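Participant: Protein chains in written order, with the working numbering: chain A, 1 to 220; chain B, 1001 to 1220.
Just so you know, even glycine gets a beta-carbon here, dropped at the ideal spot from N, CA and C.
Remember, predicted model here, so these are calculated numbers, not experimental data.
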DNA sequence: TGAAAGAGTCAACACAGTGTCGATAGATTG
DNA sequence: CAATCTATCGACACTGTGTTGACTCTTTCA
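1. Figure out for me which residue from A:91, A:100 and A:90 has the closest Cα to the Cα of residue 73 of chain A.
2. CA-CA distance, residue 1043 of chain B and residue 1065 of chain B?
3. For the alpha helix (DSSP H) holding residue 1054 of chain B, just list the boundary residues, first then last.
4. If contact is defined by three or more beta carbon pairs under 8 Å, each pair taking one atom from either stretch, is the segment 84 to 95 of chain A in contact with the segment 39 to 54 of chain A?
5. Would you say residue 1171 of chain B lies against chain A (beta-carbon separation less than 8 Å)?
6. Inspect the beta-carbon positions of residue 94 of chain A and residue 167 of chain A and report whether they are closer than 8 Å.
7. Using 8 Å as the limit for Cβ to Cβ distance, is residue 183 of chain A near chain B?
8. For residue 57 of chain A, which of A:80, A:20, A:35 and A:27 has the nearest alpha-carbon?
9. From the beta carbon of residue 89 of chain A, is the nearest beta carbon of chain B less than 8 Å away?
10. Which residues in the same chain as residue 1103 of chain B place their Cβ atom closer than 7 Å to its Cβ, once the five residues preceding and following it in sequence are excluded?
11. Could you confirm whether any beta carbon from chain B is found closer than 8 Å to the beta carbon of residue 198 of chain A?
12. Which word fits residue 1053 of chain B, buried or exposed, when buried means at least 16 other C-beta atoms lie within 10 angstroms of its C-beta?
13. Does any C-beta atom of chain A lie closer than 8 Å to the C-beta of residue 1123 of chain B?
14. Just how far apart, CA to CA, sit residue 116 of chain A and residue 85 of chain A?
15. What is the DSSP secondary structure of residue 985 of chain B, reduced to helix, strand or coil?
16. Whose C-alpha, out of B:1121, B:1156 and B:1199, is nearest the C-alpha of residue 154 of chain A?
17. To the nearest angstrom, report how far apart residue 126 of chain A and residue 119 of chain A are at their CA atoms.
18. So residue 138 of chain A contacts chain B; which residues on that side make the cut at Cβ distance below 7 Å?
19. Suppose you measure from the CA of residue 1181 of chain B to the CA of residue 68 of chain A; what does that come to, to the nearest Å?
20. What are the complete beta strand (DSSP E) segments, minimum 3 residues, inside the segment 118 to 157 of chain A?
21. For residue 97 of chain A versus residue 185 of chain A, is the C-beta spacing smaller than 8 Å?
22. Grab me the residues of residue 1139 of chain B's own chain with a C-beta within less than 7 Å of its C-beta, minus the 5 sequence neighbours each way, in chain order.
23. Could you work out which residues of chain A lie near residue 1191 of chain B, taking near to mean beta carbons separated by less than 7 Å?
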C-alpha cells in the first residue's frame, strides 16, 4: 500500500507518524492529554516540536486517529458476532456488550482520553457521537425486533431505552477501567451491564411478578 | 451571619465574591470553563485580574464552590422526600430520581462544567466522587431492604447494580441537558431512567415472564 | 552528473493565558 | 491620627501553542 522507498539515515514520514501515535498512546497510559505537551510527543518521536506540526495539526488530532482505530476495532468485533437473538437472547446481548468491554479494556488509555477530549474538541466529539448513534440505532432495531416477535414487552420508547443503555455502558466502562471512586469492579462489569440491559428490555418496567406477593403498579 | 459593616464606595469582599460566582455561572451557560479566562471572570465582576486571586485560587476553585451549592441542593431535596418504598416503590424511586433531574436541570451549566472539570481537577473530582458514593450507598441500602422484605429478587450484587444505575443517571442527564447527539429527550428522561431502575431492581435479570410464553431461567 | 523539486527539519517569533510580588490606597479601630 | 486590615492592581516571570521562513537532505530526470 504505502509507497516506501527511502532507507536508513533519516526515518521516513510514515515511520515518524507512527512514532508520534505510539508515543501518544504510551504517554496516555500515564497521564491525560492535557498534561502531555506537543513537545513531549515530538521528543518521544525523536523530532523537534515544530516538526510535529508537519504530521498532525494538533495533539487532539493525534488522539482522533487513535480513536478511529479503536472504534473500527469495535465495529469489526461486533459485526463478526452471530446475531442469534431469537435462540439465545441473553447470550446474544451479553456477547455484544462483551465486544465493547474487551476493546475498550484493551485501549483504556485512548478511550479515557477520548471521553475527556470529546468535551472540548469538535472532531473527537463528532466521531464519538456518530459511533454512539450507530450503536444506539442498532440496539433500537434489535429491541423493536424482540418486541415484534413477542419476546420483549412494550414499554418506554425503544430508541430512548437504547440510548440510555448505551450511555450507561459508556460511563460504567469508563469508570471501571479508570478505577474511579464509585465504580463497578472490572470483573463484574459485564455481568452487571448485561443484567440491566436484559431486565430493562425484557422486563415490564413496572413492579410485577417478583419474589413475594405482587405490589400494585402505579402506572395507568 | 456575615459580619458586614462597610458601605458605599468600594464594594465589599462578599459582594465581589458573589459577583465572581454569578459571572461564572452566567458565562458557563455560553461556553466551557476552559474557554473562560480568569480575565473574563475578573472583568465580569468589575475587578482586575490579579484581584481575582484575592478571592479564589483559580477558576476551577470558583466552579468547586458552585458545584458544592448544587450538590447540597440535591441533598436537601432528596432528604425531604418521604421514604415510602414499601407502599409505593415505583413512585418512591421515581421521586428520588426526579430530585436529581430537577436540580441538575436548573443548574445544567454548572453540572456540565463540573463533569468536565472533574477529569482534570482533583478537588472537583473528589467532591463529585464523594457525592456519587453517598448516592450509590443510599441506593444500595434501599435495594437491600427491598430484597430483604421479598419485594425485589436476588440478582447481581446490590452495590454494583446501584453504582451502575447512578452512573447511568449521571451520563444520561448530562447528555439530555446538553442536547448531545444521541440523547434522551429531556421530557422523557425521568420516565426512561425510572423504568430502567425499576425493572433492573425488581426484575429477575434473566428472561422470564415476558409477553409471550415464559422462557426458562438459566441461573441455578 | 548536477540542478530542480520535494520532503523533512528547526530556530526564532508572536501570542495568549496563568499565577505571583510588591507597592499602594481606602476604610476601621484604638 | 497612626496602626492595621482589607482590597486593588501594574508589572513580571513562566508555560505552552501555533506559525514563519530559511535550511538540509534525498530523489529524480534531463
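Facilitator: On the basis of the coordinates in this document:
1. A:100
2. Cα-Cα distance, rounded: 19 Å.
3. Counting along the chain, the alpha helix (DSSP H) containing residue 1054 of chain B begins and ends at 1049 to 1055.
4. no
5. yes
6. no
7. Taking 8 Å as the threshold, the shortest C-beta distance from residue 183 of chain A to chain B falls below it.
8. Measuring from the Cα of residue 57 of chain A, the nearest candidate turns out to be A:20.
9. yes
10. 1070, 1073, 1074 and 1077
11. yes
12. exposed
13. no
14. 34 Å
15. The shown model of chain B, from 1001 to 1220, leaves out residue 985 of chain B, and the question about it has no answer.
16. B:1199
17. 10 Å
18. In chain order: nothing, as chain B lies at least about 12 Å away.
19. 18 Å
20. none
21. No, these two residues do not count as a Cβ contact at 8 Å.
22. Setting aside the 5 residues that flank it on each side, residue 1139 of chain B is surrounded in the same chain by 1162, 1165 and 1166, each with a C-beta closer than 7 Å to its C-beta; the list follows chain order.
23. Within 7 Å Cβ-Cβ: 156.
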